[in-house]
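K.L.:
Last residue of the sequence shown: number 254 in UniProt numbering, and the count goes up by one each step with no gaps. First the structure, which I've put down as structure tokens, then a few questions once you've had a look.
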Amino acid sequence: MKLDNIRIVLVNTSHPGNIGGVARAMKNMGLSRLYLVDPRQFPDEQAEWRAASAVDVLEDAVVTSSLDEAIADCQFVVGTSARGRRIPWPLLDPRQCAERMAVASEKEQVAVLFGREDRGLTNDELKVCNLHLNIPTSADYSSLNLAMAVQVVCYELRMLLDAPSLPATEDAEWDTPFATRENMERFYTHLEETLVDVEFLDPAAPRQLMARLRRLYSRVRLDEMELNILRGILTETQKWVRKAKASDSGPGPG
């Protein structure tokens with residue numbers, strides 16, 4: 001496992017003290033890459049105070065204006081979720097998820113997303129994730145502080161660091177790098193355009209088609225070559241649709 005390939009991404013954090021607490025939790029477990037998506041208040045003295053001896057993690061934090069920017073180069077994205085969703089997504093606990101992240105981090109960029117203190121990640125943000133992570137808690141009191149949640153995930157990663165061998169949950173010997181999140185988003189846009197062209201998708205009433213297709217491809221995990229093949233198929237499909245429409249609108253018999 002390569003901890004340097006794993007980043008913790010905090011989305012729209014409202015309290016700077018929580019950012020400092022997260023930095024401290026990360027450094028305790030040996031993680032150092034912190035990304036902050038549009039934080040409400042940062043930098044801030046409260047963050048530095050809560051970080052204690054982990055101020056270096058704060059100083060090196062990458063601040064972005066959007067989630068897309070924070071994970072554009074990532075190939076494996078995990079979103080923390082405490083709520084049930086209309087469309088079920090692959091869901092693991094922190095221990096199972098750490099095993100998957102550990103394997104992926106050997107050759108890929110991995111991101112773990114943590115949402116807002118009051119409402120977590122939105123459905124749209126969770127759609128970009130390959131897996132959803134849920135931290136089991138007591139039904140009597142299920143609320144977790146942001147830094148506590150990050151600590152649990154980082155702890156599970158740390159526990160695997162010195163393990164004699166990583167769980168063989170996926171084949172780490174892959175011949176082509178897995179697709180980045182940025183390239184996957186381009187693919188989803190291309191796929192939606194093509195489905196509209198062939199009249200399989202009605203843009204006026206899309207329902208949950210694209211969400212389900214995102215779930216499908218996120219579960220499979222495409223590598224860059226597979227993604228290029230699919231993009232090529234979509235491009236050729238669009239060409240044939242244009243030819244068919246041109247033929248139908250051509251001049252009739254004289």
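Quick reminder that beta carbons are idealized off the backbone N, C-alpha and C, glycines included. This structure is a prediction, so every number in the text was calculated from the model and none was measured.
My output table needs one value for residue 231: the three-state DSSP class, helix, strand or coil.
P.N.:
Helix, per DSSP.
K.L.:
Quick check on the burial criterion: 16 or more other C-beta atoms within 10 angstroms. Buried or exposed for residue 115?
P.N.:
Buried is the call here.
K.L.:
Using CA atoms only, rank isn't needed, just tell me which of 141, 191, 179 and 215 is closest to residue 132.
P.N.:
Ranking 141, 191, 179 and 215 by Cα distance to residue 132 puts 215 first.
K.L.:
Hey, out of 79, 197 and 2, whose CA is closest to residue 244's CA?
P.N.:
Closest by alpha carbon: 197.
K.L.:
In the DSSP assignment, what are the bridge partners of residue 161?
P.N.:
Partner(s): none; residue 161 has no beta bridge.
K.L.:
Any chance the CB of residue 114 is under 7 angstroms from a heavy atom of the ligand SAH?
P.N.:
This structure simply doesn't include the ligand SAH, nor any ligand for that matter.
K.L.:
Cutting at 6 angstroms between CB atoms, please list the residues of its own chain near residue 76, excluding the five before and the five after it.
P.N.:
104, 108, 110 and 130.
K.L.:
Terminal residues of the continuous alpha helix (DSSP H) containing residue 189?
P.N.:
Here the alpha helix (DSSP H) through residue 189 covers 181-197.
K.L.:
Which whole runs of the alpha helix (DSSP H) in the UniProt domain "tRNA/rRNA methyltransferase SpoU type" (6-155) are 4 residues long or more, in chain order?
P.N.:
Complete alpha helix (DSSP H) runs here, min 4: 16-28, 45-51, 55-59, 67-71, 94-105 and 123-127.
K.L.:
Just curious, the alpha helix (DSSP H) that residue 211 is in, first and last residue?
P.N.:
209-220 is the span of the alpha helix (DSSP H), which, as asked, contains residue 211.
K.L.:
Residue 190 and residue 117: beta carbons closer than 8 angstroms?
P.N.:
No. Outside cutoff.
K.L.:
Report the option in 66, 158 and 141 whose CA atom is closest to the CA atom of residue 11.
P.N.:
Nearest C-alpha to residue 11: 66.
K.L.:
For residue 4, which of helix, strand or coil comes out of DSSP?
P.N.:
Three-state DSSP puts residue 4 in a helix.
K.L.:
Could you tell me whether the region 15-29 touches the region 142-157, using the rule of 3 or more Cβ pairs below 8 angstroms?
P.N.:
Because the criterion of three Cβ pairs below 8 angstroms is met, the region 15-29 and the region 142-157 touch.
K.L.:
Which residue or residues does DSSP assign as beta-bridge partners of residue 178?
P.N.:
223.
K.L.:
Within its chain, find whatever has a CB closer than 7 angstroms to the CB of residue 276; leave out the 5 residues flanking it on each side and keep chain order.
P.N.:
Look at the range of the chain in this structure, 1 to 254, and you will see that residue 276 is not part of it.
K.L.:
Express the C-alpha separation of residue 151 and residue 234 in angstroms, rounding to a whole number.
P.N.:
Going from the Cα of residue 234 to the Cα of residue 151 covers about 43 angstroms.
K.L.:
Please state if the CB of residue 123 and the CB of residue 91 are separated by a distance shorter than 8 angstroms.
P.N.:
Against a cut-off of 8 angstroms, the Cβ pair of residue 123 and residue 91 comes out as no contact.
K.L.:
For residue 231, I'd like the list of residues in its chain whose CB is within less than 7 angstroms of its CB, leaving aside the five on either flank, ordered along the chain.
P.N.:
The residues are 187 and 190.
K.L.:
Does the separation of the CB atoms of residue 101 and residue 78 fall below 8 angstroms?
P.N.:
In this structure, residue 78 lies closer than 8 angstroms to residue 101 by Cβ.
K.L.:
Near residue 225, what residues of its chain come up, given a Cβ to Cβ distance below 7 angstroms and the 5 sequence neighbours on each side ignored?
P.N.:
The residues are 176.
K.L.:
According to the Cβ coordinates, are residue 80 and residue 121 closer than 8 angstroms?
P.N.:
In contact: residue 80 and residue 121 (Cβ atoms closer than 8 angstroms).
K.L.:
Mapping the DSSP letters down to three states, classify residue 244 as helix, strand or coil.
P.N.:
Three-state DSSP puts residue 244 in a helix.
K.L.:
Can you name, in chain order, every residue of its own chain whose Cβ lies under 7 angstroms from the Cβ of residue 179, other than the five neighbours on each side?
P.N.:
Taken in chain order, the residues that qualify are 75, 222, 223, 224 and 227.
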